[in-house]
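S.K.:
Numbering (the working numbering), first residue to last: 144 to 236.
1) Could you check what DSSP says for residue 235 in three-state terms: helix, strand or coil?
2) Report the three-state DSSP secondary structure of residue 157 (helix, strand or coil).
3) For the beta strand (DSSP E) holding residue 216, just list the boundary residues, first then last.
4) Taking 6 Å as the limit between beta carbons, can you name the residues of its chain near residue 185, skipping five residues before and five after?
5) Does the Cβ-Cβ distance between residue 171 and residue 193 come in under 8 Å?
6) By DSSP, does residue 172 sit in helix, in strand, or in coil?
7) According to DSSP, simplified to helix, strand and coil, what is residue 145?
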């Protein structure tokens, strides 16, 4: 079992904008193997994907990434608001 969080934005976001946020994740929110773009999204301390051009999907297991879910959400919200996005989120635990 795992968890997921959807971050809904008021306008579309590009993959490059998400890539910029992911590359600057703090060490405690990052993958020990490095944050990188994959065929399905981005790999960090949590899994990150773009849905429908205006929804960022964070997910992971309850083990390691579950411990940083709230912090990752806070980091993304902060960065997105700095870029002028209006943000809403929905958690599935």
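From the three backbone atoms N, C-alpha and C, an ideal C-beta is built for every residue, glycine too.
M.R.: On the basis of the supplied data:
1) strand
2) coil
3) From DSSP, residue 216 is part of no beta strand (DSSP E) but of the alpha helix (DSSP H) over 212–225.
4) 165, 191
5) no
6) helix
7) strand
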